[in-house]
Amino acid sequence: MNKKSGIKILLAIASGLLLTASFPPLKADWLIWISIIPLLISIHNKTPKMAFKLGLITGLTHYITLLYWVVNVLSTYGRLDIFTSIIILLLLALYLSLFTGLFSLVVNTQQHSRIRIFLFAGMWISLEYVRSFFLTGFPWGLLGHSLYSRLLLVQIADITGVYGPSFIIAAVNVFIFEIIIQHKHTLKNRYFLAEAILLILGFTLSVSYGKSALTRYSTAKPEETMINAAIIQGNIDQAVKWDISFQDETLKKYTDMSKKSLNTSPDIIVWPETAVPLFFQDENPLTEGLYSLAREGRAHLVFGSPAYKIDGYRVHYYNTAWYISPQGEIKGQYNKIHLVPFGEYVPFNELLPFVYRLVPSAGDFSKGDSFEPLLLGNISSGILICYEAIFPDLARKQIKNGASILINITNDAWFGYSGAPFQHLFISLFRAIENRRPMIRCANTGISAIIDPAGRVTAQGDIFTEEIITGRISTGYKERAFYSQYGDIFALSIMSL
Numbered sequence: 000m001n002k003k004s005g006i007k008i009l010l011a012i013a014s015g016l017l018l019t020a021s022f023p024p025l026k027a028d029w030l031i032w033i034s035i036i037p038l039l040i041s042i043h044n045k046t047p048k049m050a051f052k053l054g055l056i057t058g059l060t061h062y063i064t065l066l067y068w069v070v071n072v073l074s075t076y077g078r079l080d081i082f083t084s085i086i087i088l089l090l091l092a093l094y095l096s097l098f099t100g101l102f103s104l105v106v107n108t109q110q111h112s113r114i115r116i117f118l119f120a121g122m123w124i125s126l127e128y129v130r131s132f133f134l135t136g137f138p139w140g141l142l143g144h145s146l147y148s149r150l151l152l153v154q155i156a157d158i159t160g161v162y163g164p165s166f167i168i169a170a171v172n173v174f175i176f177e178i179i180i181q182h183k184h185t186l187k188n189r190y191f192l193a194e195a196i197l198l199i200l201g202f203t204l205s206v207s208y209g210k211s212a213l214t215r216y217s218t219a220k221p222e223e224t225m226i227n228a229a230i231i232q233g234n235i236d237q238a239v240k241w242d243i244s245f246q247d248e249t250l251k252k253y254t255d256m257s258k259k260s261l262n263t264s265p266d267i268i269v270w271p272e273t274a275v276p277l278f279f280q281d282e283n284p285l286t287e288g289l290y291s292l293a294r295e296g297r298a299h300l301v302f303g304s305p306a307y308k309i310d311g312y313r314v315h316y317y318n319t320a321w322y323i324s325p326q327g328e329i330k331g332q333y334n335k336i337h338l339v340p341f342g343e344y345v346p347f348n349e350l351l352p353f354v355y356r357l358v359p360s361a362g363d364f365s366k367g368d369s370f371e372p373l374l375l376g377n378i379s380s381g382i383l384i385c386y387e388a389i390f391p392d393l394a395r396k397q398i399k400n401g402a403s404i405l406i407n408i409t410n411d412a413w414f415g416y417s418g419a420p421f422q423h424l425f426i427s428l429f430r431a432i433e434n435r436r437p438m439i440r441c442a443n444t445g446i447s448a449i450i451d452p453a454g455r456v457t458a459q460g461d462i463f464t465e466e467i468i469t470g471r472i473s474t475g476y477k478e479r480a481f482y483s484q485y486g487d488i489f490a491l492s493i494m495s496l
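Its first residue numbered 0, the sequence shown is counted upward by one per residue in numbering that gives the first Met the number 0.
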């Protein structure tokens with residue numbers, strides 16, 4: 000390997016590191032605006048084959064350093080040995096890196112195109128969109144997610160989804176790259192100038208729209224639409240969560256914490272995913288306290304618990320959110336639709352039965368099929384369980400069906416002390432912005448939060464702490480955002496060009 004090739008590889012690695020540094024827990028999101036530039040420089044005037052390889056290097060560097068927590072999840076909770084866990088992380092990173100490699104290949108083959116800024120940015124967005132659904136989808140760590148704290152720049156998500164902010168980021172990277180590579184000729188290139196003007200105009204309009212939206216969603220709603228929410232973050236250790244001998248203590252903790260929250264007069268009390276570590280639908284003395292809690296607090300109680308349904312000789316298991324009314328009656332349930340592959344089920348298990356031997360802890364859950372919101376009295380609530388919150392379509396469909404708030408229950412204990420709980424939270428807040436609905440987020444070990452329709456976190460807990468998080472939200476948001484109504488038209492339009 001010669002010196003020039005070594006520099007190209009280092010540039011590709013640098014892009015991967017810059018991309019990762021732009022996401023939590025590091026607070027260096029400004030790096031996202033230059034994160035792709037080293038990769039673009041490295042593939043400039045290289046062969047298509049080399050460009051693809053350099054894209055893979057960037058992707059591998061990025062996804063290994065962003066998703067390192069997968070090893071802990073698989074080895075600690077998946078009962079896999081450390082070697083197998085690392086191999087699975089590498090395979091996941093390699094799969095995701097194919098998208099970066101394909102981007103680099105297209106950029107390389109189209110480097111003499113006249114409209115490079117929008118073409119290359121459009122290619123990045125197209126691949127992000129495909130990644131959101133291909134092979135069950137994994138839209139984790141998209142470019143736009145890095146702007147979670149730059150609310151002014153992400154308000155356009157109620158029109159474009161997260162792909163709008165992603166497009167602007169990618170376009171700015173290409174714009175700067177063009178200036179670096181062709182600084183002597185950029186002012187003479189009318190196509191570059193036209194794209195630059197359009198990019199500046201688009202950025203300006205995005206900021207202007209953001210200011211307007213932040214003002215609009217700061218306006219107080221009528222008092223009669225306001226409700227009090229209490230989030231119970233129990234911080235149950237994953238090592239004992241499913242221990243039968245610990246069930247009584249778990250439920251007592253959640254019940255006692257909920258009773259403490261009653262001094263805030265909550266209208267809704269929310270417990271995390273699988274907070275009730277047994278089949279709630281079966282009669283059990285341990286769960287009697289849930290009914291009396293709802294009656295005593297005159298509150299809607301939403302909590303997670305596994306469920307099952309017997310269909311002939313087969314039993315279907317579900318990851319379920321249950322609802323008990325203030326009258327102490329079971330009034331509804333939501334069965335998780337988008338299951339975690341190799342965690343809650345094994346994809347293609349009929350074709351690949353040997354996978355169960357490789358992943359012994361994999362569940363055998365069935366997916367739900369209803370996008371109807373849970374009706375908590377007159378409060379229509381869209382439910383998202385665990386990483387369903389990273390999939391825009393699941394929230395959007397429930398909003399389209401009338402949900403006026405979003406409730407996300409999750410158990411992020413799996414992630415340990417890593418960047419994942421922070422990333423999960425800040426990806427989730429895009430669902431609030433896209434649909435202009437407040438979100439109540441309850442996580443077993445954190446990070447629980449209340450998020451307003453502009454993506455502002457108005458109340459937040461810590462990580463791995465036992466906490467009661469309270470706040471007020473409005474149920475008065477009835478209008479549908481453009482994105483709620485029409486979905487990913489922006490991304491699809493970009494792909495079709």
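Ideal Cβ placement from N, Cα and C applies to all residues, glycine included.
Problem - Straight-line gap, residue 449 to residue 268 (C-alpha atoms, nearest Å) - result: The alpha-carbon atoms of residue 449 and residue 268 are separated by roughly 13 Å.
Practice task
Look up residue 225 in the DSSP assignment and give the residues it is bridged to.
Solution key: Answer by DSSP bridge pairing, in chain order: 473.
Problem - Local Cβ density within 10 Å of residue 444, reported as buried at 16 or more and exposed below that - result: So residue 444 counts as buried.
Handout entry: Alpha-carbon spacing of residue 286 relative to residue 424, whole angstroms
Key = Between residue 286 and residue 424, the C-alpha separation is close to 29 Å.
Practice task
Pull up the distance between the alpha-carbon of residue 60 and that of residue 97, whole angstroms please.
Solution key: Cα atoms of residue 60 and residue 97: separation of roughly 12 Å, rounded to the nearest angstrom.
Handout entry: As assigned by DSSP and simplified to three states, the class of residue 241
Key = Here DSSP, grouped into helix, strand and coil, assigns residue 241 to coil.
Practice task
Report all residues from its chain with a CB closer than 8 Å to the CB of residue 451; omit the five preceding and five following residues, and keep chain order.
Solution key: Taken in chain order, the residues that qualify are 216, 431, 437, 457, 472.
Problem - Residue span of the alpha helix (DSSP H) that contains residue 299, given as start and end - result: Not the alpha helix (DSSP H): residue 299 falls in the beta strand (DSSP E), residues 299-310.
Practice task
Going by CA-CA distance only, name the one from 71, 17, 333 that's closest to residue 33.
Solution key: Nearest option by C-alpha distance: 17.
Practice task
Determine which residues share a DSSP beta bridge with residue 458 and list them.
Solution key: Partner residues in the beta bridge of residue 458, as assigned by DSSP, are 449.
Exercise for the section: Give every residue of the same chain whose Cβ lies closer than 7 Å to the Cβ of residue 462, excluding the five residues on either side of it in the sequence, and list them in chain order. Expected result: Annotation for residue 462: 420, 444, 445, 446 place their beta carbon closer than 7 Å to its own, counting only its chain and skipping 5 residues before and after.
Practice task
Tell whether a beta-carbon distance below 8 Å holds between residue 292 and residue 319.
Solution key: No.
Practice task
With DSSP as the reference, please indicate the residues paired to residue 315 in a beta bridge.
Solution key: The secondary-structure analysis by DSSP pairs residue 315 across a beta bridge with 308.
Problem - Residue closest to residue 331, alpha-carbon to alpha-carbon, out of 465, 304, 339 - result: With distances taken between Cα atoms, residue 331 lies closest to 304.
Practice task
Express the C-alpha separation of residue 152 and residue 482 in angstroms, rounding to a whole number.
Solution key: Linking residue 482 to residue 152 through their CA atoms gives a straight-line distance of about 16 Å.
Exercise for the section: Determine the direct distance from the alpha carbon of residue 126 to that of residue 550, and round the result to whole angstroms. Expected result: With the chain running from 0 to 496 in the structure shown, residue 550 is simply not present.
Handout entry: Buried or exposed by the 16-neighbour rule on C-beta atoms within 10 Å, applied to residue 470
Key = So residue 470 ends up on the buried side.
Practice task
May I have the straight-line CA-CA distance separating residue 340 from residue 136, to the nearest angstrom?
Solution key: Those two C-alpha atoms are separated by around 10 Å.
Handout entry: In DSSP terms, what residue 416 is bridged to
Key = Answer is none; residue 416 lacks a bridge partner.
Practice task
Return the first residue and the last residue of the beta strand (DSSP E) that residue 383 is part of.
Solution key: Secondary structure note for residue 383: its beta strand (DSSP E) is the uninterrupted segment 378-384.
Exercise for the section: Kindly indicate which residue of 39, 411, 71 has the alpha-carbon position closest to the one of residue 178. Expected result: Considering only alpha carbons, the answer is 39.
Problem - According to DSSP, residues forming a beta bridge with residue 114 - result: The partner list for residue 114 (beta bridge, DSSP) is empty, contrary to what the question assumes.
Problem - Touching by the beta-carbon criterion (3+ pairs, under 8 Å), the segment 80-92 and the segment 160-171 - result: Remark: fewer than three beta-carbon pairs, one from each stretch, lie closer than 8 Å, so the segment 80-92 and the segment 160-171 are not flagged as touching.
Practice task
Out of 83, 14, 140, 124, state which residue places its alpha-carbon closest to the alpha-carbon of residue 418.
Solution key: Of all alpha-carbon atoms in 83, 14, 140, 124, the one lying nearest the alpha-carbon of residue 418 is that of 140.
Handout entry: Counterpart residues of residue 232 in DSSP-defined beta bridges
Key = Beta bridge pairing from DSSP links residue 232 with 466.
Handout entry: Residue nearest to residue 101 in terms of C-alpha spacing, selected from 23, 48, 37
Key = The residue with the shortest Cα to Cα distance from residue 101 is 48.
Practice task
Could you pull the start and end residues of the beta strand (DSSP E) that residue 331 belongs to?
Solution key: Its beta strand (DSSP E) spans residues 329-334.
Handout entry: Buried or exposed by the 16-neighbour rule on C-beta atoms within 10 Å, applied to residue 21
Key = Burial call: buried.
Problem - Spatial neighbours of residue 459 in its chain, beta-carbon cut-off 6 Å, leaving aside the 5 residues before and after - result: Excluding the 5 residues flanking it on each side, residue 459 has same chain C-beta neighbours closer than 6 Å at 448, in chain order.
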